[in-house]
Amino acid sequence: MLSLEAIDAISKAFSVFFMGKNFIRLVMGLLVTIQIAAVSVLLSLFFGTLFGMLMTVQNRFIRAFCKIYLEFMRIMPQLVLLFMAYYGLTRTLGISLSGEAASVLVFTMWGTAEMGDLVRGALQSVPAHQYDSGMAIGLTDKQIFRYIVLPQTLRRLVPLSMNLVTRMIKTTSLVVFVGVIEVVKIGQQIIEGNRLTVPTCSIAVYAVIFFMYFFVCWIFSLMASVIEKRQKEA
Amino acid sequence: MALLEISHLKKNFDKNAVLKDVSFSVEKGEVVVILGPSGCGKSTLLRCINGLESVQDGKIILDGEVISNRTKDMHLIRQKVGMVFQSYDLFPHMNVLDNILLGPMKAQHRDKKEVVKEAEEWLERVGLPDKKLAYPRQLSGGQKQRVAIVRALCMNPEVMLFDEVTAALDPEMVREVLDVMMNLANDGMTMLIVTHQMDFARAIADRIIFMDGGQIVEEAEPGQFFTNPKSERGKKFLENFTFKVYRK
Amino acid sequence: MAALFYIDSFLIIDYFLRAVDFEFIKQVIPLYIEAAGLTLHLALIGIILSFAVGLLCALIRYYKVPVLSPITGFYIELSRNTPLLIQLFFLYFALPNLGIKLSSFQCCIIGLTFLGGSYMEETFRSALETVSRVQIESGQCIGLSGLQVMRYVVLPQAVSVSIPGFCANVMFLIKETSVFSIVAVADLMYVAKDLIGLYYKTDEALWLLAVSYFILLLPVSIISGYAERRLRYAQFGSN
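Residue numbers (the working numbering), protein chains in the order written: chain A, 47 to 280; chain B, 257 to 504; chain C, 32 to 270.
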């Protein structure tokens, strides 16, 4: 399938990265994506923990509200949410958000829901007899949470939230839809700029972007599976 | 000639020798109980006889046919060897009758009517005539094990292997399973039993094989083994089952 | 506080009624229905192909087939760690340089299958692995061949375990179709973007967009919730 000409074309296409600052620019673009993902992840971890604890309270109304929020965030594609924040908020409420701000807002709201569900699952996975044996040795509720529930919950959460990071980075690729100058946008600029000199360079640019995403996400996936394996052995 | 003959069987897991040169034979209709401490290789021995484990050296001969390390037609050999495990291993998505019918119909391609009749007779004999359509989750542990035994029997095996079938049962359910096995022995079934129930072993066995460290240490009549074991290790092992410490 | 909230929500409803152009909505609803049909159509093909690819890969990895198993593993890592959007960019804008010209539809279906295959694989393989060794061995003990053990013992149990995960994947894949507009497929997002661009009917376009996805996905979500509850119940009941 790959003729000699095609191979020639590919090698020529990659030469675009040795021109000017093209490669550096692409990396900087990726950093924009990662920044948005990182801020969203940190906020999601914080709010998600609170949300997850809220989901385990006894009050029925609070639980119902949480459930509806979670379902809504799960049903709506993130891109739809992103459009609603970027275009909708501006019009309806007169709040003008930059693409970056809209992205962080949406990804945080989504991440909070997902993280919250993970936290809820982890909290509820601590078996009842753990609480019983905590009480049996005379611990207070606070001490039971601090010394028995929290460590077991965290242990469970670490690999799961690593996976959430991977998902968040993948989702962040959507920000190109709301006009953020990130890795794909810069890639397109490079392709445009070299249309005459290296007409086939899109293959190289998109391949590099593909593998950039892959490596960043893969590192987190790998960490998650290593931690999981180690936890299983211990 | 013996029905089942094991000669110079060797089995390693990685570099650990689990079975070191094990030889014995079982006559048709004989009941042999294998005793020994945990990790002595007795369960592995049963698994080798049923082809669930490959062996490194030696032979297993059933009815004049070498059955060890067959790869292609192992599933045909297994039809002649019934086995019941420690964990209740019924298929949870099938009712009792379907569990029993699966092997005879799919592996042996026998007539359904005939097998159903046989299955019903067996269920009657093990005291579960009304559980035909029950699902495993609706049965107690003892009932599940009795069904597992019937499932193996309906294949019309030449020899039955029992791997600690009562070890995971609640104490009050042990008896019903052992009774079934006892009846089977009285019917003349050839049986190879691994158990920790010493009284039962003594009552059912024609012969005791005592294993330790992957080897057969002692082979004896049950009366002799339990009253006066020849080997030092056999003596030590039996002491575990008699409680000789008293409060001062 | 409560009163304030009351007035507030009243104002929003009032604003909504006055600002939303119902005539416009009536006009564009057929566009949305058509687009939703297209979204569903592409999603369905993608899901069916993902199912096939996922099952095949799951069996390859479950049986640890030499050569094929590591290749499958590599594919799964690649698919799970890259966004569909980037996969589509590559298929649609980069491959033509190698002389491989795919239509937008082909790109979407290949992309969705490439993505969905690995998610389905994960679901199916972990479902296969929940069937314990002793189950397989007792299947072997009653003389079943390897194929029969798979057919009568492992698969029936794995199927019921995999249903909630499968539903979640279906929902995920339908959601993922929202990026298809990037390769000029006239799906829901595309229509909404068009209406915003052409008529500045942002509110209407976005509301209809959200409602459309809601109608598409709510049934799947309800089914998957139901399946999960049923499975949990069934597991409590079994040995």
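Glycine residues also receive a C-beta, built at the ideal position from the N, C-alpha and C atoms.
What does the alpha-carbon distance come out to for the pair residue i and residue j?
i                 : j                 : result
Leu143 of chain C : Lys373 of chain B : 53 Å
Phe267 of chain C : Gly68 of chain C  : Residue placement at Phe267 of chain C is flagged as unreliable, the pLDDT there being 44, under the threshold of 50; the coordinate-derived value follows with that caveat. Cα to Cα, the separation comes out at about 40 Å.
Ser269 of chain C : Ser169 of chain C : At Ser269 of chain C, the pLDDT of 44 sits below 50, so the modelled position is not reliable; the number obtained from the coordinates is stated separately. The alpha-carbon atoms of Ser269 of chain C and Ser169 of chain C are separated by roughly 17 Å.
Gly256 of chain C : Ser163 of chain C : 25 Å
Asn128 of chain C : Leu73 of chain C  : 25 Å
Gly470 of chain B : Val287 of chain B : 21 Å
Val201 of chain C : Tyr244 of chain C : 14 Å
Leu275 of chain B : Ser193 of chain C : 40 Å
Met220 of chain C : Leu226 of chain C : 10 Å
Val272 of chain A : Leu186 of chain C : 29 Å
Glu279 of chain A : Thr186 of chain A : 31 Å
Gly398 of chain B : Leu196 of chain A : 40 Å
Phe118 of chain A : Val59 of chain C  : 24 Å
Asp313 of chain B : Asn306 of chain B : 16 Å
Phe63 of chain A  : Phe69 of chain A  : 5 Å
Glu238 of chain A : Val244 of chain A : 10 Å
Lys232 of chain C : Met130 of chain A : 13 Å
Leu332 of chain B : Ala363 of chain B : 8 Å
Phe105 of chain C : Leu126 of chain C : 21 Å
Val96 of chain C  : Phe155 of chain C : 16 Å
Tyr133 of chain A : Ser149 of chain A : 12 Å
Lys58 of chain A  : Gln235 of chain A : 18 Å
Thr217 of chain A : Val337 of chain B : 56 Å
Lys271 of chain B : Pro250 of chain C : 56 Å
Leu50 of chain A  : Pro101 of chain C : 28 Å
Lys113 of chain A : Arg192 of chain A : 26 Å
Ala181 of chain C : Val322 of chain B : This sequence places Met at residue 181 of chain C; Ala is not what is there. Cα to Cα, the separation comes out at about 27 Å.
Glu261 of chain B : Glu283 of chain B : 9 Å
Ala423 of chain B : Glu495 of chain B : 20 Å
Phe107 of chain A : Leu100 of chain A : 11 Å
Glu488 of chain B : Val473 of chain B : 10 Å
Who are the near neighbours of residue i in its chain, counting only those whose CB is closer than 7 Å to its CB and skipping five residues on each side?
i                 : result
Met32 of chain C  : At Met32 of chain C the pLDDT is 44, less than 50, meaning the model places this residue with poor confidence and gives no usable figure here.
Asp319 of chain B : Leu259 and Glu414
Tyr115 of chain A : Ala159
Lys224 of chain C : Ser212
Ser207 of chain A : Leu91, Met161 and Leu164
Cys198 of chain C : Val251, Ile254, Ser255 and Ala258
Check the C-beta distance from residue i over to residue j and give it rounded, since I have them as a contact under 8 Å.
i                 : j                 : result
Leu395 of chain B : Val406 of chain B : Wrong, their Cβ atoms sit about 12 Å apart, outside the cutoff.
Ile117 of chain C : Ile56 of chain A  : Their Cβ separation, rounded to whole angstroms, is 18 Å, which puts Ile117 of chain C and Ile56 of chain A out of contact at 8 Å.
Ala253 of chain A : Asn209 of chain A : That pair is no contact at about 25 Å.
Arg458 of chain B : Phe497 of chain B : The pair is not a contact, with the Cβ atoms about 11 Å apart (cut-off 8 Å).
Glu477 of chain B : Phe280 of chain B : Actually they are not in contact, since the Cβ atoms of Glu477 of chain B and Phe280 of chain B sit about 14 Å apart, beyond 8 Å.
Phe466 of chain B : Gly292 of chain B : 6 Å
Quick one: residues in its chain with C-beta nearer than 8 Å to the C-beta of residue i, no 5 flanking neighbours on either side, listed in chain order?
i                 : result
Leu119 of chain C : Cys138, Cys139, Gly142, Val210, Phe211, Ile213 and Val214
Ile215 of chain A : Thr79, Ile80, Ala83, Tyr259, Val262, Cys263 and Phe266
Leu247 of chain C : Ala67, Thr70, Leu71 and Ile205
Lys491 of chain B : Pro485
Around the C-beta of residue i, are 16 or more other C-beta atoms found within 10 angstroms, so that it is buried, or is it exposed?
i                 : result
Tyr94 of chain C  : exposed
Lys400 of chain B : buried
Asp178 of chain A : exposed
Thr327 of chain B : exposed
Gly295 of chain B : exposed
Gln166 of chain C : buried
Tyr14 of chain C  : Residue 14 of chain C lies beyond the range of chain C shown here (32 to 270); nothing can be said about it.
Asn105 of chain A : exposed
Gly444 of chain B : exposed
Ala110 of chain A : exposed
Val501 of chain B : exposed
Met257 of chain B : exposed
Grab me the residues of residue i's own chain with a C-beta within less than 6 Å of its C-beta, minus the 5 sequence neighbours each way, in chain order.
i                 : result
Val352 of chain B : Lys387, Lys388, Ala390 and Val403
Gly225 of chain A : Gly145
Val371 of chain B : Leu357 and Pro360
Relative to the ligand SAM, is the shortest distance from any of its heavy atoms to the C-beta of residue i smaller than 7 Å?
i                 : result
Asp319 of chain B : With respect to small molecules bound, the structure shown includes none, and the ligand SAM cannot be examined in it.
**Asked** Would you call the stretch 111-124 of chain C and the stretch 170-182 of chain C in contact, with 3 or more CB pairs under 8 Å?
**Response** As far as the Cβ criterion goes, the stretch 111-124 of chain C does not touch the stretch 170-182 of chain C, which means the pair count is below three.
**Asked** Should the stretch 139-153 of chain C be regarded as contacting the stretch 72-90 of chain C, the criterion being three or more beta carbon pairs within less than 8 Å?
**Response** Yes, since at least three Cβ pairs between the stretch 139-153 of chain C and the stretch 72-90 of chain C fall closer than 8 Å, the two stretches touch.
**Prompt:** How about the stretch 238-251 of chain A and the stretch 145-163 of chain A: do they share at least three Cβ pairs that are nearer than 8 Å?
**Reply:** No, they do not touch.
**Message:** Below 8 Å, how does it come out for the stretch 140-150 of chain A and the stretch 233-241 of chain C: are there three or more Cβ pairs, yes or no?
**Reply:** Output reads no: the stretch 233-241 of chain C does not touch the stretch 140-150 of chain A.
**Prompt:** Is there contact here, the stretch 293-308 of chain B with the stretch 415-422 of chain B, by at least three beta-carbon pairs under 8 Å?
**Reply:** These segments touch.
**Message:** With a threshold of 8 Å, are at least 3 pairs of Cβ atoms found where one atom belongs to the stretch 445-460 of chain B and the other to the stretch 366-382 of chain B?
**Reply:** Too few Cβ pairs lie closer than 8 Å, so no.
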